[in-house]
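K.L.:
A single structure is presented below for examination.
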Amino acid sequence: MQKIFEHCYELDRRCYEKYNLSEEILMEHAADEMARHIRAYEGPKEKILIVAGPGNNGADGITLARLLHGDFDVTLYLPYGVKSTMAKLQYERYRQLGPVADERLPDEADIIVDALFGAGLSKPLDTCAVELIDRLNHINGYKIACDIPTGLDEKGNPLPISFRADTTITMGALKRALFSDRAKGCAGKIVVADLGVSRKLYETHSDTYLLEATDFNPPRRSDPSAHKGRFGHLAVVAGLKRGAAVLCAMAGLRFGAGLVTLLSERHIENLPYSLMQSGELPDNATAVAMGMGMGAEFDPVLIESDILKRDLPLLLDADICGMPWIKTLLQRCTKTVVTPHPKEFVTLMATLGIEEDLSVSEVQSDRFGWAKRFSDAYPETVLVLKGANTLIAHHGAIYVNPLGTPVLSQAGSGDVLSGLIASLLAQGYAPLNAAIQGTLAHTLTARHYQGADYSATAEDLIDGIRWLA
Numbered sequence: 000m001q002k003i004f005e006h007c008y009e010l011d012r013r014c015y016e017k018y019n020l021s022e023e024i025l026m027e028h029a030a031d032e033m034a035r036h037i038r039a040y041e042g043p044k045e046k047i048l049i050v051a052g053p054g055n056n057g058a059d060g061i062t063l064a065r066l067l068h069g070d071f072d073v074t075l076y077l078p079y080g081v082k083s084t085m086a087k088l089q090y091e092r093y094r095q096l097g098p099v100a101d102e103r104l105p106d107e108a109d110i111i112v113d114a115l116f117g118a119g120l121s122k123p124l125d126t127c128a129v130e131l132i133d134r135l136n137h138i139n140g141y142k143i144a145c146d147i148p149t150g151l152d153e154k155g156n157p158l159p160i161s162f163r164a165d166t167t168i169t170m171g172a173l174k175r176a177l178f179s180d181r182a183k184g185c186a187g188k189i190v191v192a193d194l195g196v197s198r199k200l201y202e203t204h205s206d207t208y209l210l211e212a213t214d215f216n217p218p219r220r221s222d223p224s225a226h227k228g229r230f231g232h233l234a235v236v237a238g239l240k241r242g243a244a245v246l247c248a249m250a251g252l253r254f255g256a257g258l259v260t261l262l263s264e265r266h267i268e269n270l271p272y273s274l275m276q277s278g279e280l281p282d283n284a285t286a287v288a289m290g291m292g293m294g295a296e297f298d299p300v301l302i303e304s305d306i307l308k309r310d311l312p313l314l315l316d317a318d319i320c321g322m323p324w325i326k327t328l329l330q331r332c333t334k335t336v337v338t339p340h341p342k343e344f345v346t347l348m349a350t351l352g353i354e355e356d357l358s359v360s361e362v363q364s365d366r367f368g369w370a371k372r373f374s375d376a377y378p379e380t381v382l383v384l385k386g387a388n389t390l391i392a393h394h395g396a397i398y399v400n401p402l403g404t405p406v407l408s409q410a411g412s413g414d415v416l417s418g419l420i421a422s423l424l425a426q427g428y429a430p431l432n433a434a435i436q437g438t439l440a441h442t443l444t445a446r447h448y449q450g451a452d453y454s455a456t457a458e459d460l461i462d463g464i465r466w467l468a
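Numbering-wise (numbering that gives the first Met the number 0), the sequence shown opens with residue 0 and increments by one.
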């Protein structure tokens, strides 16, 4: 798990004041990290194009050009000249080696480095900048972004387009803009460059964290005398579209719940043999999942007489985000996880009275901000805001799962995720840990899928859980 920051201005200033490191020293380390990455790159790298902007992001690129000159065929292109003090200084040093910046952008290069604007872009790119980035994106070669791909604003939105990097080498610490859903297709692999001190010393407190595959800890069974009663009893409420509940239930069973029962007033035909069904909440149920495929069909008596009185851990998904009952559940149940996708989140925010006129586009433009807004209103509830980079919010802290792949872009994928999280709730996991481990299991299963990325079904995901270790 790594820390994520909104920006690094204060962290840089702390280096100047506490460690007596200058802006110039940090810049040299930033450029050196990029140079080492390029030298270690195993693909073609004879011709290197560095496109540098007029400010300090451009100065990083100019410093990189100096470090690589003599060992590679380096083209330095300065479309806006040099304006900041550091850019002017670094360009003068570069000129002392003999070369000068090229006046035209080449049509080919083995490696393209974007050092145009980086972090802090606050207004849309002008026509010339859009055309330049479009040209860079169409050059065949390995693309590196310095700090942040040019075109992304501080919330990770392209203004209106962005450089599409294979790798982003971000300076000092991870930045939130790199983990928006809209940035996922242009940030590529993300590498953090140390800036003269260890990240442990450079970084300070953060309430935003990046989840990694190494954070996954499946519900292993080490006691040889264990039996099914030790691993909880998950009850899944089956609504109008019962297939969604079945997928949720099977995922819960596959992820370690000892018993799983479908709750329905009507008999469900052709259930898998390993699932049970009942018209009443079992006395030994340890968690409840509801909302997936529910439609308008649900029993308010179940909520009022059973769930609320027993205060069982809850997984709330899909259709229940638009039902008035959800407000009561979130206010009165102490162990709750809610798992909306962006459209359901819009409905949820309106149902709860937090924001009436929210749109999906607004959510996607500021996922971190809206997740924080929900968490401030309902701090005890764990929010899992699904997306390309799923966000988990609890007590104002946000955890980012960046491991999702297009394999998950299939009907039923969300029902499987609900089952994974609910299974862990039934097994006694705290809601936040259940959400973290459930989302990691979901994305890692997708990453391990061996078929074509368009071919996976929800059943494939459930089957793949068996291979997680």
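All C-beta atoms, glycine included, are put in the ideal place defined by N, C-alpha and C.
All values reported here derive from a predicted model rather than from experimental measurement.
1. Quick one: is Ile267 buried, meaning 16 or more other Cβ sit within 10 Å of its Cβ, or exposed?
2. Distance, Cα to Cα, Leu200 vs Leu239?
3. Can you tell me where the alpha helix (DSSP H) holding Asn432 begins and where it ends?
4. In terms of residues, what are the limits of the beta strand (DSSP E) holding Cys145?
5. My parser needs the beta strand (DSSP E) runs of 3 or more residues fully inside the stretch 127 to 200; what are they?
6. In the DSSP output, which residue or residues are listed as bridge partners for Thr207?
7. Closest to Lys334 by C-alpha separation, out of Asp318, Arg309 and Ala317, would be which residue?
8. If I follow the unbroken beta strand (DSSP E) through Val81, where does it start and stop?
9. What are the residues that DSSP puts in a beta bridge with Met289?
10. On the criterion of 16 or more Cβ atoms from any shown chain inside 10 Å, does Leu443 qualify as buried, or is it exposed?
11. Nearest to Pro157 by alpha carbon, out of Gly184, Val259, Glu23 and Gly140?
12. Our contact map puts Ala244 next to Gly292 with C-beta atoms below 8 Å; I'd like the distance itself, whole angstroms only.
13. With the cut-off set at 8 Å, would you say Ala425 and Ala256 are in Cβ contact?
14. Alpha carbon to alpha carbon, how far is Asp316 from Cys127? Give it in angstroms, no decimals.
15. Since Pro341 and Gln363 are thought to touch, with beta carbons under 8 Å apart, how far apart are those beta carbons, to the nearest angstrom?
16. Taking contact to mean 3 or more Cβ pairs, one atom from each stretch, closer than 8 Å, check whether the stretch 269 to 287 and the stretch 402 to 414 are in contact.
17. Would you mind reading off the limits of the beta strand (DSSP E) that contains Asp113?
18. Shortest alpha-carbon distance to Asn216 belongs to which of Ala457, Ala451 and Tyr428?
19. Do Thr169 and Ile143 have their C-beta atoms within less than 8 Å of each other?
20. Buried or exposed: which applies to Ser161, given that a residue is buried once 16 or more other Cβ atoms fall within 10 Å of its Cβ?
21. Does DSSP put Val99 in a helix, in a strand, or in coil?
22. Check whether the stretch 351 to 361 and the stretch 450 to 458 touch, using three or more Cβ-Cβ pairs below 8 Å as the test.
23. Among Arg265, Val259 and Phe71, whose alpha-carbon lies nearest the alpha-carbon of Tyr272?
24. What does DSSP give as the partner residues of Met275 in its beta bridges?
25. Kindly list the residues whose CB is nearer than 8 Å to the CB of Leu439, restricted to its own chain and excluding five residues on each side of it in sequence; keep chain order.
26. Whether or not the stretch 115 to 124 and the stretch 21 to 32 are in contact is what I'm after, with contact meaning three or more pairs of Cβ atoms, one per stretch, closer than 8 Å; do they touch?
27. How long is the line joining the alpha carbons of Gly463 and His441, rounded to whole angstroms?
28. Would the stretch 8 to 20 and the stretch 42 to 54 be scored as touching if the rule is three or more Cβ pairs under 8 Å?
29. If Thr285 and His204 are in contact, beta carbons under 8 Å, what's the gap, nearest whole angstrom?
30. So what's Phe71 in DSSP terms, helix, strand or just coil?
31. Out of Ala421, Asn269 and Val381, which has the shortest C-alpha to C-alpha gap to Leu329?
32. List the residues that DSSP assigns as beta-bridge partners of Ala234.
33. Between Val99 and Asp70, what straight-line distance do the alpha-carbon atoms span, to the nearest angstrom?
34. Going by DSSP in three states, Thr350 sits in which element: helix, strand or coil?
35. Identify whether Lys326 lies in helix, strand or coil by the three-state DSSP scheme.
36. Would DSSP call Thr338 helix, strand or coil?
P.N.:
In short, the structure shows the following:
1. On the sequence shown, residue 267 is found 268 positions in, with the first residue counted as 1. Under this definition Ile267 is an exposed residue.
2. Residue 200 sits at position 201 when you count from the first residue of the sequence shown. Residue 239 sits at position 240 when you count from the first residue of the sequence shown. Rounded to whole angstroms, Leu200 to Leu239 spans 54 Å at the Cα level.
3. The residue labelled residue 432 in the question sits at position 433 within the sequence shown. Start and end: Pro430 to His447.
4. Mapped onto the sequence shown, residue 145 falls at position 146. First-last of the beta strand (DSSP E) with Cys145: Tyr141 to Cys145.
5. 141 to 145, 166 to 170 and 188 to 192
6. Taking the sequence shown and counting its residues from 1, one reaches residue 207 at position 208. In DSSP, Thr207 forms a bridge with Ile3 and Ile397.
7. In the sequence shown, residue 334 corresponds to position 335, counting from 1. Measuring from the Cα of Lys334, the nearest candidate turns out to be Arg309.
8. Translated into the one-based positions of the sequence shown, residue 81 becomes position 82. Per DSSP, Val81 belongs to no beta strand (DSSP E) and is neither H nor E.
9. Position 290 of the sequence shown, counted from the first residue, corresponds to residue 289. DSSP lists Leu315 as partners of Met289.
10. Taking the first residue of the sequence shown as 1, we reach residue 443 at position 444. Burial call: buried.
11. Locating residue 157 in the sequence shown gives position 158, counting from the first residue. It is Gly184 whose Cα lies nearest to the Cα of Pro157.
12. In the sequence shown, residue 244 corresponds to position 245, counting from 1. In the sequence shown, residue 292 corresponds to position 293, counting from 1. Indeed they touch by this definition, with Cβ atoms about 6 Å apart.
13. One-based indexing of the sequence shown puts residue 425 at position 426. One-based indexing of the sequence shown puts residue 256 at position 257. It is a contact, given that the beta carbons lie within the stated cut-off.
14. Taking the first residue of the sequence shown as 1, we reach residue 127 at position 128. Taking the first residue of the sequence shown as 1, we reach residue 316 at position 317. Near 45 Å, if we compare the C-alpha coordinates of Asp316 and Cys127.
15. Numbered from 1 along the sequence shown, position 342 holds the residue referred to as residue 341. Numbered from 1 along the sequence shown, position 364 holds the residue referred to as residue 363. Rounded, the Cβ-Cβ distance is 6 Å, consistent with contact.
16. no
17. Reading the sequence shown from its first residue, position 114 is the one you call residue 113. Segment Ile110 to Ala114, the beta strand (DSSP E) holding Asp113.
18. Stepping through the sequence shown from its first residue, residue 216 is reached at position 217. When only C-alpha atoms are compared, the closest one is Tyr428.
19. As a first step, residue 169 is located in the sequence shown; it is residue number 170 there, counting from the start. As a first step, residue 143 is located in the sequence shown; it is residue number 144 there, counting from the start. Not in contact: Thr169 and Ile143 (Cβ atoms no closer than 8 Å).
20. Here the question's residue 161 lines up with position 162 in the sequence shown. So Ser161 ends up on the buried side.
21. Start at 1 with the first residue of the sequence shown, and residue 99 comes out as number 100. In the structure shown, Val99 sits in coil (DSSP, three-state: anything other than H, G, I, E or B).
22. no
23. On the sequence shown, residue 272 is found 273 positions in, with the first residue counted as 1. Cα-wise, what sits closest to Tyr272 is Val259.
24. In the sequence shown, counting from the first residue as 1, residue 275 sits at position 276. Looking at the DSSP assignment, Met275 forms a beta bridge with Thr260.
25. Counting from 1 along the sequence shown, the entry for residue 439 is found at position 440. Contacts found: Leu210, Ala212, Asp214, Phe215, Asn400 and Leu402.
26. no
27. Looking up residue 463 in the sequence shown gives position 464. Looking up residue 441 in the sequence shown gives position 442. C-alpha separation (whole angstroms): 9 Å.
28. no
29. Stepping through the sequence shown from its first residue, residue 285 is reached at position 286. Stepping through the sequence shown from its first residue, residue 204 is reached at position 205. With 8 Å as the limit, Thr285 and His204 do not qualify as a contact, their Cβ atoms being about 35 Å apart.
30. Walking along the sequence shown from the start, residue 71 turns up at place 72. Looking at Phe71 - three-state DSSP - the assignment turns out to be strand.
31. Taking the first residue of the sequence shown as 1, we reach residue 329 at position 330. Comparing Cα positions, the closest option is Val381.
32. Here residue 234 refers to the residue found at position 235 when the sequence shown is read from its first residue. DSSP, once it has assigned bridges, lists Thr260 and Val287 as partnering Ala234.
33. For the purposes of this step, residue 99 is taken as residue 100 along the sequence shown, with counting starting at 1. For the purposes of this step, residue 70 is taken as residue 71 along the sequence shown, with counting starting at 1. Their Cα atoms are separated by approximately 16 Å.
34. Against the sequence shown, residue 350 aligns to sequence position 351. In the structure shown, Thr350 sits in a helix (DSSP, three-state: H, G or I).
35. The residue given as residue 326 occupies position 327 in the sequence shown. It is helical.
36. As a first step, residue 338 must be located in the sequence shown, where it is residue number 339. Correct three-state label for Thr338: coil.
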